[in-house]
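Colleague: Numbering (the working numbering), first residue to last: 216 to 965.
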Ligand code: MTE
Ligand code: LUZ
Ligand code: MOS
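1) By DSSP, does residue 581 sit in helix, in strand, or in coil?
2) Find out if the Cβ-Cβ distance for the pair residue 707, residue 412 is shorter than 7 Å.
3) What's the C-alpha gap between residue 364 and residue 371?
4) Expressed to the nearest angstrom, what Euclidean distance is found between the alpha-carbon atoms of residue 403 and residue 685?
5) Given a cut-off of 7 Å, decide if residue 534 and residue 499 are closer than it, judged by their beta-carbon atoms.
6) Expressed to the nearest angstrom, what Euclidean distance is found between the alpha-carbon atoms of residue 429 and residue 601?
7) At the level of alpha carbons, what is the spacing between residue 545 and residue 388?
8) Classify residue 931: buried if its beta carbon has 16 or more other beta carbons within 10 angstroms, exposed otherwise.
9) Need the endpoints of the beta strand (DSSP E) that residue 898 sits in, please.
10) Quick check on the DSSP output: the alpha helix (DSSP H) that includes residue 963 runs from which residue to which?
11) Residue 791 and residue 725: beta carbons closer than 7 Å?
12) My understanding is that residue 1027 touches residue 671, with C-beta atoms under 8 Å, so please give their C-beta distance in whole angstroms.
13) Where residue 845 and residue 342 are concerned, what is the direct C-alpha to C-alpha distance, given to the nearest angstrom?
14) Go through its chain and collect everything with a Cβ distance to residue 419's Cβ below 7 Å, but skip five positions before and after it.
15) Suppose you measure from the CA of residue 467 to the CA of residue 246; what does that come to, to the nearest Å?
16) If you compare alpha carbons, which of 964, 393 and 306 is closest to residue 240?
17) Using CA coordinates, which residue listed in 543, 582, 531 and 634 is at the minimum distance from residue 594?
18) Are the region 761-780 and the region 803-817 in contact at 8 Å, needing three or more beta carbon pairs?
19) Considering only residues of the same chain and omitting the five flanking positions on each side of residue 408, which have a CB-CB separation below 6 Å?
20) According to DSSP, simplified to helix, strand and coil, what is residue 556?
21) In the DSSP assignment, what residue or residues form a beta bridge with residue 393?
22) Are the region 509-518 and the region 576-593 touching by the rule of at least three beta carbon pairs closer than 8 Å?
23) Output needed for residue 832: all residues of its chain with C-beta closer than 6 Å, excluding positions within five of it in sequence on either side, in chain order.
24) For residue 677, name the three-state secondary structure that DSSP assigns.
25) Helix or strand or just coil, what does DSSP make of residue 937?
26) Taking the runs of the beta strand (DSSP E) that are 3 residues or longer, which of them lie wholly in the region 657-726?
27) First and last residue of the beta strand (DSSP E) that includes residue 221?
28) What does DSSP give as the partner residue(s) for residue 821 in the beta ladder?
29) With DSSP as the reference, label residue 510 as helix, strand or coil.
30) Please confirm whether residue 503 and residue 548 have their CB atoms less than 7 Å apart.
31) Put residue 929 into one of helix, strand or coil per three-state DSSP.
32) Report the option in 398, 439 and 438 whose CA atom is closest to the CA atom of residue 424.
33) Compare the C-alpha of residue 253 against each of 271, 264, 233 and 303 and name the closest.
34) Quick check: is any heavy atom of ligand 3 less than 6 Å from the C-beta of residue 784?
35) Would you call residue 469 buried or exposed, if buried means 16 or more other Cβ atoms sit within 10 Å of its Cβ?
36) What would DSSP say about residue 268, mapped onto helix, strand or coil?
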């Protein structure tokens, strides 16, 4: 099936929050936020702002009828600050005016006095000062202490990976309308409609059934709208509740960059032990996650870091600990990979450090330790249907790693001003929300009496094309043409109590629910058709909008069966609920089987480095990826390419900078660089490894949204390889992103 959004996207006709028709009496909201990262609010003077012509009202925490609390996992975040502020950009008040321009003018008229308190911007500093979000977590397998004592090599080191701005094309925003009897409808650009509904209900002090949340589609989310689309919608909802007029609030790019959290920066300390034969025997890490000023999703992200700390390797003795460090930055949040990339960067760094010290190629250690069937992850899950070695070997053969390595070595012997580097990056990513209770979804299918079909699920379309996949599931079961199918907006009154669209699991969870609902409808339709044709229901199938009996076409159309079903008063609507079987996790023991399955793959990255300038070009990224049985290879390869570009950006050029006062310096695209077409890899080859797939993957087509982001980590090590080829004295650093500036320093360090 062709991506169902491509036609309207190309013509600019797709609707986003900012495109929907607003009511004539609509007002516009704007947030007033803290100009300091930490301090006591001594005084805020709203008089001038409130007096401005066209300002309707300015809302603060005092206006909230319910609770001033939006924390999802830990209730530690007010919607609007009360007497203290904890990060630069923290919402304090909400101006509602006749126009956006007036609201903006009013914002400049607000005077605030803040008594400044000490500011913490780094995780290290937070740890030293004992500033944490919650208690640390540790995973343990075997015994690292005794194992290190027996290792032939033991190395220690430190790594840093910086944050990352989501830079969804569509900024955060919402439009909220009052309906009758104190009910309201929220249109939001959110990955979590239920989270918006639930939080709005809590803050407004009304039951959830009074709030309808509708999501058409997102212009990108990447995790940035899993939790952090909520506050804006709730602010507007508070205003609507008290004014009884619609309020629209779309953040401008500057406000969005300043006020929202990003990928978590991590500072980590590792210790790795190997035996002579290059088997990794023991691995210890202390991860310091820079969580920002409130929990947001940090505890869940920290957890996933532990789950992926050994990437696709088997290590018999593991001890990993993560501290969620509370700092005075905007609360950091979900970002494609959800803590997994940060964990995987550290093990890759540890392997690089070990290889460098032993004086061998990193690839040899990687290859010697790949996960095998029935190996145990540190959290107790036994690895099955493992494709680590198979993707590695296939990549090595199909892309001729030996020749590539030789070409790079020859090139480096013959060239001085430019050097080439190469790396191999295997990945293993667990599919399921690590929080088991979140792994469920529902679908609601209506077959209308003319034979057309409406499909509703809890899935949010954000560019990953989940809607297309949902229709594909329905189409395959009903055997009808694509133009008979419509995907409805994601709406809490049609599909309730949804988990956010996240964890790459959306197509699996919602697709399974669609499958169940369609199969139930199909059973009824087979009965109806069987009576029309005087055959048994099990002999009936539907293909090409027609009934088939024992694989032979009949004269009875899909429409005729639906019409007959109406006459017989057969229900043409079905609702289904799916919950992932098997998975479980015991947090008291930190053991269990949290993932439905893992996604594997291997990327070979080669780069050319300009040793005069420190700039580099990515020559090629050659990937063998485990799709299972891809249900839509066009979409899935698109996901691999997009995630790869995003991963490379994180590792090479996207550099978030806060000053020591906690002010965001990289607050525009002239200072925050994202990959464009000129910095993209010159060649990206994605070779699908057709595997059996997993029955818990929708149509055995494995989840693809996040895993390929981590191929980007390979670029860091390919650059490092080239730097080392130029400067033998270079002492390896694990400090990403590896910007051209850092590369240049490394090239000429003594
Ligand atoms: N692709 C596009 N185009 N836009 C996005 O915002 N988000 C990613 C990924 N792919 C995203 C995307 C993230 S963070 C996740 S978790 C998955 O899509 C979610 O969708 P899925 O569960 O349907 O894979
Ligand atoms: N969100 C979440 C996620 O709440 N739990 C997860 O395990 C997860 N994993 C990846 C991305 N988002
Ligand atoms: Mo993705 S980080 O799970 O939204």
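For each residue, glycine too, the CB sits at the ideal point set by N, CA and C.
Modeller: Looking at the coordinates:
1) helix
2) yes
3) 14 Å
4) 21 Å
5) yes
6) 39 Å
7) 18 Å
8) buried
9) 898-905
10) Here residue 963 belongs to no alpha helix (DSSP H), and DSSP marks it neither H nor E.
11) no
12) Residue 1027 is absent from the structure shown; the chain starts at 216 and stops at 965.
13) 44 Å
14) 280, 281, 452, 453 and 456
15) 11 Å
16) 393
17) 531
18) no
19) 428, 430, 705 and 707
20) helix
21) 399
22) no
23) 823
24) coil
25) helix
26) 668-672 and 700-702
27) Segment 221-226 is the alpha helix (DSSP H) holding residue 221; no beta strand (DSSP E) there.
28) 637 and 835
29) coil
30) no
31) helix
32) 398
33) 303
34) no
35) exposed
36) coil
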